[in-house]
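Encoded as structure tokens, the structure appears first; notes follow it.
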């Protein structure tokens, strides 16, 4: 854990290029004509999708495939789908009726740039197009595709991301460690877990190894959230591209509000250490996974 | 076309029972505990999903399977998924930033009853759970499941329902026959088409027969929308459960505003007639499909 490993840029670049080239309009020429006028919707989708960032979720999915000894390119469509879904969740979370954020990565949020109606629909369409991408571009055969969509839909629905966002909005003020853990597990942990699960569907290892990958994903999700909460307290607005202290002002429980800053930093170090210990138990090239854990532990935005 | 055939109640009842029994909480006991607190979200989803109605889309899907000579029960999960998606679209369309409706089937809309944040999330979760349902409950094997999800996601994304809603919001005032046709094809036609397509994926007939089914679905979608526009002008608020004239007030193009009431009624009669003519070319028990066409032509809400 001395010098952090460099971020797996080769995977981020592949994801970025793939995302830029997704054609959201229908393929058949006659259907393309019918969709004339929806370019404004696609513009709103691409505005949020192509706003940059580390592409942490799809890179995690691809790095897991790599560690499993397979060509990461085989999971690109599903990895991109995970980023589409992450983007849709950010667009909806930023809405005035939800977290009411005006800035995201230093740019106006989708509803500020395109209107609230277009932002709701851009999120909805990104979700549909994510499913379409796995159905129409993901390789590995229908059983792999359904396995992937099963993981993605479970991680996204009531028992995942959307359920977690509901808890987050409704539990504000409930400052218990238990409710905090649950909100984060659902809101961010399950989708991060799904990135690893999709790779396990494509290239399944022995059950014991799969369990270690899952445990790693769990630690990574916890680490991600603890660092998020620390940054909300101590981060730079310039680097984060959004106001700090927003969660605290909304009375939301965070690792910092529940445990204090020093203990939150200790918890992050423990999760980081445990993530590395799990990777040591996994055969194969886990360097990129280790570098992702380092990145999450040390990120400034 | 003399006496209308009775609505296929046996199929509606099966759909209704299936929808009531969907368990939106995760299955694994430990995951169930984690999702503790999301019951309020499930309540909002079920409030809108179980508000009654004819279940036109899933019944259409099942009636098509029946006409194809297969057991309609085999498509129940996908048929239910189509109703979940239809419900999610109604919840989002009713939002203040969209059509801003307070009433739906005579009851307060989801955001009026549960708040705007819960309504956005209830719609999002219904979509995710629809995909999960097809992944985890639909029979016929992975190739059939992926074929179904491909149809559903195409009918829902940019080239379908969501794209159509975008056009509808942004084209207000654009009173051309061409833009009207395109909005409706995407907004309602594609999902109605997907009901028939899902049945064709499960029990594929000869290509020529499949094309006739598709043409029937197209006529049915047009008929549905023309009657919708006529009801918005002439319907009973009590029967519709919502204020009439809303589209006209928002300056939206409708079949009535573009063609006048008399011509709109003629167009509906033509579509209805053509739908029956197509069914006459299909071998098999198409009575329930014919009855659905009659129902759409004569519905009061």
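Residue numbers (our numbering), protein chains in the order written: chain A, 1 to 301; chain B, 1001 to 1301. The beta-carbon is built from N, C-alpha and C at its ideal position, and this holds for glycine as well. Please read these numbers as outputs of a predicted model, since none were measured by experiment.
| query | result |
| --- | --- |
| contact_flag[the region 1069–1083 of chain B, the region 1218–1228 of chain B] where n(CB pairs < 8 Å) is 3 or more | no |
| Other residues of its chain near residue 18 of chain A: CB distance less than 7 Å, five sequence neighbours each side excluded | 76 and 80 |
| Separation of residue 134 of chain A from residue 295 of chain A, as counted between CA atoms | 28 Å |
| Host alpha helix (DSSP H) of residue 232 of chain A (start-end) | 207–234 |
| Residue 72 of chain A burial status per 10 Å Cβ neighbour count (16 or more: buried) | buried |
| CB-CB length for residue 84 of chain A against residue 49 of chain A, believed under 8 Å | 7 Å |
| Chain-ordered neighbours of residue 1022 of chain B on chain A, where CB pairs are closer than 8 Å | Result: empty, since nearest Cβ-Cβ is about 11 Å, beyond 8 Å. |
| Chain-ordered residues of the region 1103–1125 of chain B with a beta carbon less than 9 Å from chain A | 1111, 1115, 1116, 1117, 1118, 1119, 1120, 1121, 1122, 1123, 1124 and 1125 |
| Per-residue DSSP class, three states only, for residue 1107 of chain B | strand |
| Min CB distance residue 135 of chain A to chain B below 9 Å | yes |
| The alpha helix (DSSP H) enclosing residue 1189 of chain B, as first and last residue numbers | That residue, residue 1189 of chain B, is in no alpha helix (DSSP H); it is neither H nor E in DSSP. |
| Within 7 Å of chain A by C-beta, residues of the region 1132–1163 of chain B in sequence order | 1132, 1135, 1136, 1142, 1143, 1145, 1146, 1149, 1150, 1153, 1154, 1156, 1157, 1158, 1159, 1162 and 1163 |
| Cβ-heavy atom distance, residue 1226 of chain B to the ligand ZN, below 8 Å | No copy of the ligand ZN occurs in the structure displayed, which carries no ligand at all. |
| Partners in chain B for residue 41 of chain A, counting only beta-carbon separations shorter than 7 Å | 1158, 1163 and 1166 |
| Per-residue contacts from residue 295 of chain A into chain B (C-beta, under 8 Å) | Correct list: empty, because the minimum Cβ distance to chain B is about 26 Å. |
| Any C-beta of chain A under 9 Å from that of residue 1074 of chain B | no |
| Residue 1 of chain A in three-state terms, based on DSSP | Caution applies to residue 1 of chain A, whose pLDDT of 48 falls short of 50 and renders its modelled position unreliable; the value that the coordinates give is listed next. Of the three classes helix, strand and coil, the one that applies to residue 1 of chain A here is coil, per DSSP. |
| Inter-residue spacing [alpha-carbon to alpha-carbon] between residue 279 of chain A and residue 289 of chain A | 8 Å |
| Pairwise C-alpha distance: residue 152 of chain A and residue 335 of chain A | Residue 335 of chain A falls outside the range modelled here, since chain A spans only 1 to 301, and no answer is possible. |
| Residue of A:190, A:292 and A:184 minimising C-alpha distance to residue 10 of chain A | A:292 |
| Under 8 Å by beta carbon: chain B residues contacting residue 129 of chain A | 1153, 1157 and 1158 |
| N-terminal and C-terminal residue of the alpha helix (DSSP H) that residue 1080 of chain B is part of | 1076–1093 |
| Three-state secondary structure (DSSP) of residue 1141 of chain B | coil |
| Secondary structure of residue 1112 of chain B, DSSP reduced to three states | helix |
| Cβ of residue 1064 of chain B within 9 Å of any chain A Cβ | no |
| Residue 1008 of chain B in three-state terms, based on DSSP | coil |
| Residue 1147 of chain B to residue 1189 of chain B span [Cα, whole Å] | 19 Å |
| Residue 1275 of chain B: contacting residues in chain A (beta-carbon distance under 9 Å) | In chain order: nothing, as chain A lies at least about 20 Å away. |
| Beta-carbon proximity list for residue 1093 of chain B, same chain, < 8 Å, skipping 5 on both sides | 1099, 1101 and 1165 |
| Sequence-distant residues of its chain with Cβ nearer than 7 Å to residue 127 of chain A (five each side left out) | 85 and 88 |
| Beta carbon of residue 31 of chain A nearer than 9 Å to that of residue 1157 of chain B | no |
| Contained alpha helix (DSSP H) runs [length at least 4] in the region 1021–1075 of chain B, N- to C-terminal order | 1029–1034, 1039–1049 and 1056–1067 |
| Backbone CA spacing between residue 1205 of chain B and residue 1068 of chain B [nearest angstrom] | 7 Å |
| Contact with chain A by residue 1170 of chain B, beta-carbon distance below 9 Å | yes |
| Cutoff 9 Å: residue 1036 of chain B Cβ touching any chain A Cβ | yes |
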